[in-house]
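The structure under discussion appears below in the form of structure tokens.
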Amino acid sequence: MASLCRIKCFLAPSSLSLGSHIARALGTTACRQVNSSEGWLSKLLHVRKIEPGKDSHSRLLSDTEIVYELQIHDVKPDGVDRKMKGYANYCQLLQSKAPDCELIGSWQVVIGDQDQYLHIWRFKQGWKSAHSSINLCNTDDDLVKLQTDESKHLRARQNQ
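For what it's worth, my numbering labels the leading residue of the sequence shown as 464, then goes sequentially.
Have a look at this one:
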């Protein structure tokens, strides 16, 4: 009723007698759905239903043959060209030394953080090849040097 009084103040004096009509116009009704398990947002976005898994999340991950890694690099604006050339050399060298490791995509962010680059790596033999590639990156002198040179042009980096 308090909102009805506020609205009446903005109406012409002749409309003050419309009290019940205004209240009805402002009233809300429940949304009628044919299938109550699916909301309007789900229909709009075409969300598909996924059945819940019966295994634990860690078991599902460990049984996977292929593992993916997302690398996010925030590059200093003045070091983009040098970083990209250095990263291309790093990728070629890593893939030649670790054949189970493959760069499957690299993108530059255009909307948002414009100096951000995304790279997706695939490890064909799961966690085994991911672990061996990480060890190789930390022990191989050429790869360590390329990583050190590349890090001079980065503001931040993260892996997922």
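Note that the Cβ used here is the ideal one computed from N, Cα and C, for glycine as well.
On a predicted model such as this, the values are computed, not experimentally measured, just so you know.
Round the Cβ separation of residue i and residue j to the nearest angstrom and send it over; I've been treating them as touching at under 8 angstroms.
i: leucine 599; j: tryptophan 584; result: Not quite, the Cβ-Cβ distance comes to about 13 angstroms (not below 8 angstroms), so this is no contact.
i: leucine 557; j: leucine 606; result: 6 angstroms
Within 10 angstroms of the Cβ of residue i, are there 16 or more other Cβ atoms? Answer buried if so, exposed if not.
i: serine 614; result: exposed
i: valine 538; result: buried
i: alanine 486; result: The pLDDT assigned to alanine 486 is 48, lower than 50, so where the model puts this residue is not dependable; a value taken from the coordinates is nonetheless given after this. Looking at its Cβ environment, which holds fewer than 16 other Cβ atoms inside 10 Å, alanine 486 is exposed.
i: glycine 575; result: exposed
i: alanine 593; result: buried
i: alanine 561; result: buried
i: leucine 581; result: exposed
Inspect the beta-carbon positions of residue i and residue j and report whether they are closer than 8 angstroms.
i: glutamine 579; j: isoleucine 535; result: yes
i: aspartate 563; j: lysine 587; result: yes
When the Cα atoms are used, what is the spatial distance from residue i to residue j?
i: tryptophan 590; j: aspartate 541; result: 36 angstroms
i: isoleucine 597; j: aspartate 544; result: 25 angstroms
i: glycine 568; j: glutamate 532; result: 11 angstroms
i: serine 559; j: aspartate 604; result: 14 angstroms
i: glycine 502; j: methionine 547; result: 45 angstroms
i: arginine 620; j: valine 573; result: 18 angstroms
Let me know the secondary structure DSSP gives residue i once reduced to three states.
i: histidine 582; result: strand
i: leucine 489; result: A caution first: leucine 489 carries a pLDDT of 49, below 50, which makes its placement in the model too unreliable to give a value.
i: glycine 568; result: strand
i: histidine 616; result: coil
i: valine 543; result: helix
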